[in-house]
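Structure, as C-alpha cells:
In this note's numbering, the protein residues as written are 7 to 464.
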C-alpha cells in the first residue's frame, strides 16, 4: 500500500504542525479535533496555535488540508492515522493514556467496517509498554481485526521544541519508528522519506540535504528511547547548572568557559551545555519524572533522574538568592521574559514564572515584559496573581530595582547598558543566560552573570 492520505488526530501545538508538514510533502491531510473552533481555524487555513512558519505552510499547501470533528469520515477517507493527543502526567509521574485510548476506540470502530489496510501511528509520548498494553488491544477488540495483518501499528514520537516545530518535524536528528511488524514500519518509513522531500522553504531547512537517519526498532524499545533521551538531556542541563553554582563562588571561575571546553569532548558534545535557568516546558520535567516512575514500576531505581529533578528545583532557589545577593531588599524585580523558551508563548513549568512566584512569596513586586506574551497571550498555564505585565523594556526598567533577563528572546540580544537606565538611575542587570556579555556591560557592580564569579556579590 502506498499512503496517499493522512488523518491527524489532535490539532494542538504539534498536531497542527504535522498537518502542515504532511501537506507540504503532497499528502492529502484531514485534521481531526473535538473542538469545533480549532477545526474551523484549520479548515480556514489559519493556524490554531502560534508557531513560526506554520502560517506559511497553511498558505502554500492549504489546498491539501481539510479539518473535521467527524472521525468516521477522517478514517474512511485516509490511509493512515496519526494520534497526537495529550497524555497528561499523574501526580506520581505516570502518564495518563485515556485520551489516546478514546481516539483508538474511534479509529477502531471505523476500521471494523473498512476493507482496506490502515496504518495507525501513535505519536503521543507514552511509557514503555503502553502502546501494546493500552492501544493495540483497543484497536483489535473493537475492530475485530488482527494487528499486523488487517491494520498496521507503530509508535513514533517526535523530538521537537516549541518555536522550532516545523524544522523538528521536517529535519530532525533522526526519525524514530517503533514497529509492531515489518510492513507497518515499511509504510511509515516511506512517509518519512517523502516528508524529507517536502517542497517547503523555511528557515535553513533546505540547506540540510543529507538524508535524515530513520531508526527502526520494536515498539517497547522506541517507547524507552523517547523518555531516555529527554531524561539524559535534562541530566546534562542539571550538571552544567551545578557547575554554574560552583563557579559563582570561586574567584576567577567562569562556568561558560568551562562548559564550552567540556562540550568539545566528543563523548559529551556542546548542545545543552550553556549555564542558565532550570529546564522547563511541557516535556523535559515530566519526562524525567516519568522515567523515575517507570523504574519504580518494574522494581528498580533511577537515582540519576531523581537527582536531576532535585538539582533542577534547587536552580530556581539558587537564582532567586543570587538576585537578592546582588541587590539587597529590592521592592520590585523586573523579569525580561516569562515563557520557558524563546519563540513560544508557553509558560508551562517556566523558570521565569517559578522565579516570579518566589519573589512574590517574599513580598517583592514583579514587573514583567515579554514580547511574545504581549502579542500572543500565554498558553500552558496562567500567570501568578501579582505579576504586572508592561508593554516595553523601558516601562519595566523605570518600575524596578533590578532587572533579570530570564528568557533569551531575540529582541533582548540587542540590549545595551543605556537601555537599563531610568534617567540617571542605573539599574543592576542579572543576565541568567550570559547573552549580553559582549554588549558593553563592563561595570561588574551593575552586571551579573550567574556562574561567573563576581566580587560585588554580598
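Glycine included, C-beta positions come from ideal geometry on N, C-alpha and C.
Cutoff 8 Å; reference residue i; Cβ partners in own chain excluding five residues on either side
i, result
"residue 9", "33, 85, 86, 125, 193, 196 and 197"
"residue 40", "75"
"residue 252", "259 and 261"
"residue 377", "415 and 417"
"residue 96", "102"
"residue 51", "64, 65, 68 and 71"
Residue closest to residue i, alpha-carbon to alpha-carbon, out of the options
i, options, result
"residue 123", "409, 92, 157 and 96", "157"
"residue 303", "100, 12, 237 and 63", "100"
"residue 298", "314, 382, 417 and 330", "314"
"residue 434", "417, 402 and 416", "402"
"residue 468", "97, 336 and 133", "In the structure displayed, the chain extends from 7 to 464; residue 468 sits before or after that span and is not available."
"residue 455", "338, 324 and 151", "324"
"residue 284", "345, 186 and 179", "345"
"residue 228", "22, 386, 310 and 128", "128"
"residue 136", "21, 186, 235 and 268", "186"
"residue 163", "120, 189 and 235", "235"
"residue 89", "426, 160 and 151", "160"
"residue 336", "357, 244 and 369", "369"
"residue 320", "301, 181, 223 and 364", "364"
"residue 20", "120, 45 and 174", "174"
"residue 458", "24, 138 and 280", "280"
Beta-bridge pairing of residue i - partner residues as DSSP gives them
i, result
"residue 37", "14 and 73"
"residue 181", "220"
"residue 277", "In DSSP, residue 277 forms no bridge with anything."
"residue 393", "372"
"residue 187", "According to DSSP, which records beta bridges pairwise, residue 187 is partnered with nothing at all."
"residue 19", "None, per the DSSP bridge assignment."
"residue 95", "101"
CB contact flag (residue i, residue j, <8 Å)
i, j, result
"residue 35", "residue 77", "no"
"residue 225", "residue 184", "yes"
"residue 421", "residue 405", "no"
"residue 452", "residue 409", "no"
"residue 392", "residue 338", "no"
"residue 386", "residue 354", "yes"
"residue 361", "residue 419", "no"
"residue 169", "residue 349", "yes"
"residue 263", "residue 249", "no"
"residue 429", "residue 347", "no"
"residue 390", "residue 352", "no"
"residue 55", "residue 18", "yes"
"residue 247", "residue 317", "yes"
"residue 42", "residue 22", "no"
"residue 221", "residue 176", "no"
"residue 219", "residue 245", "no"
Status (buried if at least 16 other CB within 10 Å, exposed otherwise) for residue i
i, result
"residue 444", "exposed"
"residue 437", "buried"
"residue 217", "exposed"
"residue 37", "buried"
"residue 255", "exposed"
"residue 275", "exposed"
"residue 188", "exposed"
"residue 267", "exposed"
"residue 332", "buried"
"residue 381", "exposed"
"residue 306", "exposed"
"residue 142", "buried"
"residue 94", "exposed"
"residue 292", "buried"
"residue 356", "buried"
"residue 271", "exposed"
"residue 140", "buried"
Residues near residue i by beta carbon distance below 7 Å, same chain, minus five either side
i, result
"residue 91", "15, 16, 105, 106, 109 and 130"
"residue 148", "111, 114, 115 and 118"
"residue 80", "13, 36, 38 and 74"
"residue 527", "Residue 527 is absent from the structure shown; the chain starts at 7 and stops at 464."
"residue 397", "380"
Residues of its chain near residue i, where Cβ-Cβ distance is below 6 Å and the 5 sequence neighbours each way are ignored
i, result
"residue 67", "29 and 30"
"residue 462", "450 and 451"
"residue 439", "282 and 414"
"residue 432", "452"
"residue 395", "374"
"residue 146", "153"
"residue 240", "285, 290, 294 and 314"
"residue 242", "278"
"residue 11", "34, 84 and 85"
"residue 447", "423 and 453"
"residue 165", "178"
"residue 460", "450 and 454"
"residue 328", "456"
Any C-beta of chain C under 8 Å from that of residue i
i, result
"residue 275", "This model lacks chain C altogether; it includes just one protein chain."
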